[in-house]
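Numbering (the numbering used here), first residue to last: 132 to 578.
C-beta: ideal position from N, C-alpha, C; glycine also.
Since the model is a prediction, treat every value here as computed from it, not as a measurement.
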Ligand code: UGA
C-alpha cells in the first residue's frame with residue numbers, strides 16, 4: 132500500500148521504517164531539510180537499536196523515501212499518517228499546532244480520497260479538530276464541490292505504543308493495534324495495512340475515535356501510576372524497616388498485579404509519561420473534573436526525582452561543597468540517548484547548586500549531555516564508567532544500563548575516595564555490598 136508519514140521524529144521514523152520493512156511503499160515528510168538529507172544517506176537522527184540498518188535497507192530497496200515537499204507527500208499515499216510532535220504548551224496541555232498544520236497541508240494538496248491517521252499522542256477530541264481543519268481548507272479550495280471532486284477523507288485515531296530502546300520490536304510485533312474510526316472503509320484499509328503485523332492472533336482492536344484517543348493516555352497514565360505507587364511503597368518500606376525488593380516480588384507474583392512496571396527507582400522520565408500525565412490532568416481541568424489520582428502520581432514522581440540527592444545530602448550532613456560524585460547513567464532509561472525529563476538532570480543540577488562536582492558517564496547520552504549543559508567546570512564527561520570513578524567521593528547510579536550491573540567492585544573501591552554507593556535502581560544486593568565493605572544506599576531497602 133502507498134503510505135505517507137508526516138513527521139520524522141521518533142514515532143514517525145520507526146513507524147515509516149517498519150511499514151516499509153513489511154513491504155509497503157512509504158514516503159516520510161519533514162520540514163527539516165538537514166534531517167531529510169541525512170536520512171537519505173542512511174544517518175538517523177536518534178539512537179534506537181536496530182533502526183539504522185533497517186532504514187538503510189529499505190531506502191536502498193526504494194520502499195522508504197524522504198522528502199521536505201508536502202505536496203509530494205500528499206500525492207504519494209492514500210494513507211496519510213500524522214506523526215509530528217505535540218509538545219506541552221505553558222500550562223501542560225498538548226500543543227496541536229504542528230498536527231493542525233499538517234492537516235491543513237494535506238487538505239491543500241489532496242486530489243482524491245485520503246485516510247488521515249493521527250499517530251501523534253493527542254488529546255481526546257483532536258480527530259474532530261483535524262476533521263474541521265481539513266474541511267475548512269477544502270471549503271475554501273472547492274466550495275461545496277469537495278464530494279463531487281472526490282476530495283473526501285476519513286480521520287482515524289491509531290495511537291502508538293512503542294517504547295524507546297525497544298521501538299523496532301514493539302512496532303514489528305505489537306501487543307495491540309488500536310484503531311479508532313467510524314468508517315468501515317477506513318477500518319478495512321487499516322486492517323490491510325497492519326495485516327503483516329497481525330499474525331498468530333488478532334491484535335487489532337477497533338473502537339470509536341474518542342475511545343482510541345483516550346486509550347493512549349489511559350495506558351501511559353496507568354503505567355505511570357504503577358511506578359509512582361511503587362515509589363510510594365518504597366518510601367514506606369525504607370522507613371518501616373522492610374525491603375521493597377521482597378515486597379515487589381511478593382505482589383508481582385499475583386497475576387492480577389504482575390511483575391511489569393513495578394520497579395521503584397528515581398521517578399519516571401522521558402518524553403511521554405510526564406507529558407501525558409500532565410496533559411490528561413489539564414484535559415480533566417478543562418471539563419471541571421479534578422483528576423486526583425493523576426495529580427498524586429505527578430507529585431510523587433516530582434518528589435521521587437530528588438530521592439538520590441536527599442540521601443546524598445543526609446549522608447554528608449548537608450555539606451556537599453567541594454565533593455565530587457561519579458554519576459553512572461544519564462539517559463532517562465537504558466538503551467536510549469534521550470535525556471528529556473531525565474532524573475539525572477534533577478540530580479546533577481541539585482549537586483551543582485550545593486557546590487559539588489560531577490564526573491559523568493553514560494553509554495549513549497554523552498553528546499546529548501554536552502549539548503544540554505555545554506562546558507562547565509563542575510561537569511566532567513568521562514569516556515568510560517571506570518574513568519568517571521577516579522578520585523570521586525562516591526558513586527551515584529541513576530540509570531540501569533546493563534553495563535553497570537556487574538562492575539569490578541575492587542576497582543570501585545580503589546578508585547573512590549571511600550567505598551560509598553548511592554544506587555537509584557537497586558542493581559546490587561545490600562547484604563553483598565556490606566560484605567564487600569561498601570556503604571550502600573538504594574531505594575526502599577535498608578542501608
Ligand atoms: C512509554 C510507554 O511505555 C510506551 O508504551 C509508550 O508508547 C511511550 O511511552 C509513548 O507514549 O510514546 P518510554 O517513555 O519509551 O515508553 O519509556 P518506558 O520504558 O515506559 O519508561 C518510562 C520511565 O519509567 C523511565 O524513566 C523508566 O525508568 C521508568 N520506569 C519504568 C520505572 O521507574 N519503573 C518501572 O518499573 C518501569
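In the DSSP secondary-structure assignment, residue 186 is not bridged to any residue. Only exposed fits residue 271, as fewer than 16 other CB atoms lie within 10 angstroms of its CB. Contact between residue 553 and residue 527 holds: their C-beta atoms lie close to 5 Å from each other, under 8 Å. Scanning its chain for C-beta atoms nearer than 7 Å, with the 5 sequence neighbours on each side dropped, one finds around residue 435 the residues 362, 397 and 398, in chain order. The residues 341, 344, 345, 348 and 414, in chain order, have a CB closer than 8 Å to that of residue 255 in the same chain once the five nearest residues on each side in sequence are set aside. The ligand UGA never approaches residue 364 closely enough for any of its heavy atoms to be under 7 Å from the residue's Cβ. When rounded, the separation of the alpha-carbon atoms in residue 507 and residue 188 is 41 Å.
Judged by DSSP in its simplified three-state form, residue 156 adopts strand. Annotation: residue 197 is outside any alpha helix (DSSP H); the continuous beta strand (DSSP E) that includes it extends over 195 to 198. For the ligand UGA, no non-hydrogen atom lies closer than 7 Å to the CB of residue 504.
Taking 7 Å as the cut-off, one finds at least one heavy atom of the ligand UGA near enough to the beta carbon of residue 252. Going by beta carbons, residue 494 and residue 532 fall inside the 8 Å limit. Note that the C-beta distance between residue 492 and residue 467 is not below 8 Å. Taking the CA atoms as reference points, residue 241 sits about 37 Å from residue 416.
Straight through space, the alpha carbons of residue 512 and residue 558 are spaced by roughly 23 Å.
Judged by DSSP secondary structure, residue 427 falls within the alpha helix (DSSP H) whose first and last residues are 423 to 435. With a threshold of 16 other beta carbon atoms within 10 Å, residue 315 falls short and is exposed.
The Cβ atoms of residue 286 and residue 258 lie closer than 8 Å to each other. Looking at the DSSP output, residue 177 shares a beta bridge with no other residue. Between residue 439 and residue 529, the C-beta spacing is below 8 Å. Taking residue 433 as reference, the option from 380, 358 and 233 with the minimal CA-CA separation is 358. Shortest gap from the CB of residue 351 to any heavy atom of the ligand UGA: under 7 Å. Chain order is used for the residues whose beta-carbon lies nearer than 6 Å to a heavy atom of the ligand UGA, namely 252, 291, 292, 293, 294, 295, 351, 354, 358, 392, 393, 394, 396, 399, 400, 401, 403, 404, 463 and 464. Note that the C-beta distance between residue 135 and residue 160 is below 8 Å. Beta-bridge annotation (DSSP): residue 311 is paired with 288 and 338. A distance below 7 Å between beta-carbons, with the five flanking residues on each side excluded, links residue 411 to the following residues of its chain, in chain order: 348, 352, 422 and 425. Nearest C-alpha to residue 476 among 461, 488, 465 and 486: 461.
With a minimum length of 4 residues, the unbroken runs of alpha helix (DSSP H) contained wholly in the segment 406 to 491 fall at 423 to 435, 438 to 446 and 474 to 484.
If you look at residue 511, you'll find it in the beta strand (DSSP E) that goes 510 to 512.
Only buried fits residue 150, as 16 or more other CB atoms lie within 10 angstroms of its CB. In this structure, 243 is the residue among 367, 190 and 243 with its C-alpha nearest to the C-alpha of residue 210.
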